[in-house]
Amino acid sequence: MKTQGGRRLQEQSKVEVNHEAALKWVLNDENVCTTIPGMTTFDQLDLNFKVMGNLKLKASEKRELQLASMLKGILYCQNCRSCVPTCSYRVEIPTLMRAYMYAEGYGNLIQARITAAGLPEKLGLDMCRDCSPCTASCCKGINIDSRLKSLVAERLYQV
6 MKTQGGRRLQ EQSKVEVNHE AALKWVLNDE NVCTTIPGMT TFDQLDLNFK VMGNLKLKAS
66 EKRELQLASM LKGILYCQNC RSCVPTCSYR VEIPTLMRAY MYAEGYGNLI QARITAAGLP
126 EKLGLDMCRD CSPCTASCCK GINIDSRLKS LVAERLYQV
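With the sequence shown counted from 1, adding 5 to any position gets you our numbering.
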């Protein structure tokens, strides 16, 4: 799962993932026997099938992957849950960070809304609307406050 890592490589960056190269790289790993690339459009389906016809990485794709591996910063929550005790309301932050990933990383607001709305009211984004400043902190350096504000701005607490 998550073979292509979303739409962008970093939160504040416009650098996008080369999905074809990422999928080829994963499928060339001798320890991988299958992948589950997410698809929401027929174009994505076509791209994934195209890769199956030729798994050889081009020199330009290798360079792109090498440059991507050197980028600093973390885009996705690792679900370690160390943030939950730092929140005044014990909000289910990892699930909200997954909603953020769908919204910002994949551009899939429908899945983001479903994910955020699936939380009980007292553990979800409703608690974050009027909470300021956010006390939650991530041991990996993710700016939880800005991401939660982004979700609130998208009104993801409503289905």
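Note that CB positions come from ideal geometry on N, CA and C, so glycine has one too. Fair warning: this is a prediction, and the values are worked out from it, not measured in the lab.
_Which residue marks the beginning of the alpha helix (DSSP H) containing L105, and which one marks its end?_
Taking the first residue of the sequence shown as 1, we reach residue 105 at position 100. Per the sequence shown, the amino acid found at residue 105 is Tyr instead of Leu. First-last of the alpha helix (DSSP H) with Y105: 98–105.
*Among S142, A104, D51, nearest to G129 - alpha-carbon criterion*: As a first step, residue 129 must be located in the sequence shown, where it is residue number 124. Closest in C-alpha terms to G129, from the list S142, A104, D51, comes A104.
*Should T166 be labelled buried (16 or more other beta-carbon atoms within 10 Å of its own) or exposed?*
One cannot answer for residue 166 here, as it falls past the ends of the chain, which runs 6 to 164.
*Expected contact under 8 Å - CB spacing of A141 and C82 to nearest Å*: On the sequence shown, residue 141 is found 136 positions in, with the first residue counted as 1. On the sequence shown, residue 82 is found 77 positions in, with the first residue counted as 1. 12 Å between Cβ atoms; not a contact.
_Cβ distance (whole Å) where V31 is taken to contact T45 below 8 Å_ = If you number the sequence shown from 1, residue 31 lands on position 26. If you number the sequence shown from 1, residue 45 lands on position 40. In fact, because the Cβ distance is near 19 Å, the residues do not count as touching under 8 Å.
*Output the distance between the C-alpha atoms of S93 and E35, rounded to the nearest integer angstrom.*
On the sequence shown, residue 93 is found 88 positions in, with the first residue counted as 1. On the sequence shown, residue 35 is found 30 positions in, with the first residue counted as 1. Cα to Cα, S93 sits roughly 45 Å from E35.
*Does DSSP put T120 in a helix, in a strand, or in coil?*
For the purposes of this step, residue 120 is taken as the residue at position 115 of the sequence shown. T120 falls in the helix class under three-state DSSP.
*Between the beta-carbon of A117 and the beta-carbon of Y107, is there less than 8 Å?*
For the purposes of this step, residue 117 is identified with residue 112 of the sequence shown, where counting begins at 1. For the purposes of this step, residue 107 is identified with residue 102 of the sequence shown, where counting begins at 1. Yes, they are a contact pair.
*What residue does the alpha helix (DSSP H) around S155 start on, and which one ends it?*
Taking the first residue of the sequence shown as position 1, residue 155 is located at position 150. It spans 149–158 - the alpha helix (DSSP H) in which S155 sits, taken as one unbroken run.
*When burial is assigned at 16 or more other CB atoms within 10 Å of the CB, is N132 buried or exposed?*
As a first step, residue 132 must be located in the sequence shown, where it is residue number 127. The sequence given here has Met at residue 132, not Asn. M132 sits buried, since 16 or more C-beta atoms from the chains shown fall within 10 Å of its C-beta.
*Near V164, which residues of its chain fall below 8 Å by C-beta distance, leaving aside the five closest residues on each side in sequence?*
By one-based count along the sequence shown, residue 164 stands at place 159. With a pLDDT of only 47 at V164, under the threshold of 50, the placement of this residue in the model should not be trusted; the figure read from the coordinates follows. The residues are R118, I119, A122.
*Report the rounded CA-to-CA distance for L28 versus G112, giving the unit in angstroms.*
Numbered from its first residue, the sequence shown carries residue 28 at position 23. Numbered from its first residue, the sequence shown carries residue 112 at position 107. Taking the straight line joining both Cα atoms gives about 19 Å.
*Nearest-angstrom beta carbon gap, L153 and L80 [assumed within contact, 8 Å]*: As a first step, residue 80 must be located in the sequence shown, where it is residue number 75. As a first step, residue 153 must be located in the sequence shown, where it is residue number 148. Under the criterion of beta carbons closer than 8 Å, L80 and L153 do not qualify as touching, at roughly 16 Å.
*Could you check where the alpha helix (DSSP H) with N113 kicks off and where it finishes?*
On the sequence shown, residue 113 is found 108 positions in, with the first residue counted as 1. Element bounds for N113: n/a, residue is neither H nor E.
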